[in-house]
Amino acid sequence: MNKNTYIALAVIVVFGVLLWIFLSQKEKVPEAGPATVSTLSVSNVTSSALAVFAETKTISWKTSNYPANAGVNINLIKKISDSPREFTLVRTLETDTPNDGEEVWTPQAEENADDLFIEVICSNTYQFSLGCSLSSDPIKVN
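For the sequence shown, our numbering begins at 5 and goes up steadily by one.
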């Protein structure tokens, strides 16, 4: 090998070592974990102690490790059994509503049953890389 070959190899080795040092000093970002959704409350907008079924209500929730561009779904469900605890979907109130922690809802006339609950769930149109789960039980409407 001639002198130029040794110089080229030395430059490549030095460059490789410098690149390795640079890349090894970058902080590794730990995975945040799966996204979660918690339904916090369903309250009357007028803040009256007596719930009137046709009265506007505020649904509140919080999320954790949830992508900013992913919405949430809000369902009105009815309890059909206590043991085991089971629910059936009455209707979907919102699909992919912005994840801002609050939604206003006015119950319809036929939505005056006793065992109605609200659940805020993960969007079904967003692909969660680490999954998404509920971290709270549904909240009773009245």
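Even for Gly, the Cβ is constructed at its ideal location relative to N, Cα and C.
Remember, it's a predicted structure, so these values are computed and weren't measured experimentally.
Cutoff 7 Å; reference residue i; Cβ partners in own chain excluding five residues on either side
i	result
Glu107	Ile63, Ile78, Glu98, Thr101
Gly105	Ser64, Trp65, Lys66
Phe91	Ile81, Lys82, Lys83, Ile84, Phe121, Pro142
Ser137	Pro38, Thr40
Leu93	Asn79, Ile81
Opposing strand residues paired with residue i [DSSP bridges]
i	result
Ala39	Cys136
Glu107	Ile63
Asn48	Lys61
Ile143	Ile122
Chain-order list of residues whose beta-carbon lies under 6 Å from that of residue i (same chain, five-residue window excluded)
i	result
Tyr130	Ala74
Ser68	Thr40
Neighbourhood of residue i by C-beta distance below 8 Å, restricted to the same chain and skipping five residues each side
i	result
Pro71	Ala39, Tyr130, Phe132
Asn103	Thr67, Tyr70, Ala72, Ala74, Gly75, Val76
Delimiting residues of the beta strand (DSSP E) encompassing residue i
i	result
Thr129	Counting along the chain, Thr129 falls outside any beta strand (DSSP E), and DSSP gives it neither H nor E.
Any 3 or more C-beta pairs closer than 8 Å across the region 38–45 and the region 108–126: yes
Start-end ranges of the beta strand (DSSP E) lying completely within the region 64–104, minimum 3 residues: 76–86, 89–101
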